[in-house]
Amino acid sequence: MNIKELLLNGQSFSELLKQFSIAAEDVKIQDEEIILADQNLEHKEIVKESICIEGKNKDGIVNFFGTLHYNLFNKLAVFEMQGFEQVLRPGVL
Numbered sequence: 143m144n145i146k147e148l149l150l151n152g153q154s155f156s157e158l159l160k161q162f163s164i165a166a167e168d169v170k171i172q173d174e175e176i177i178l179a180d181q182n183l184e185h186k187e188i189v190k191e192s193i194c195i196e197g198k199n200k201d202g203i204v205n206f207f208g209t210l211h212y213n214l215f216n217k218l219a220v221f222e223m224q225g226f227e228q229v230l231r232p233g234v235l
């Protein structure tokens, strides 16, 4: 199971996407493969990582910055947002 699926199981992350009109299939967690490939994960119950989550909507791209708290053993993940930036498509005011 990937991190995006774990986050989508939680109500708060789904609500965050709704606020910005972002569909789940338009979300990408940057460097997810690198995070999951860390060999030390199997020795830690809860892991914290600073991440950027990119979402696309009709107006452009929204980047969410924050901390990911996750436990792959229990299949739980929470995103603690610290900020975001929106990059508008050309022609969008």
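Going by this note's numbering, the first residue of the sequence shown is number 143, and it counts up by one from there. Each residue gets a CB set at the ideal place from its N, CA and C atoms; glycine is no exception. Source: prediction; values computed, not measured.
Going by DSSP, K200 is part of no beta strand (DSSP E) at all; its letter is neither H nor E.
Distance from the CA atom of I193 to the CA atom of N205, rounded to whole angstroms, is 10 angstroms.
Per DSSP, F226 is one residue of the beta strand (DSSP E) stretching across 218-230. Per DSSP, reduced to three states, the secondary structure at S192 is strand. Taking 8 angstroms as the cut-off, the beta carbon of G152 is found no closer than this to the beta carbon of V229.
Classified as buried, G197 has 16 or more neighbouring CB atoms from the shown chains inside 10 Å of its CB. Collapsing the DSSP output to three states places L149 in a helix. Assigned with DSSP and collapsed to three states, F155 falls in helix.
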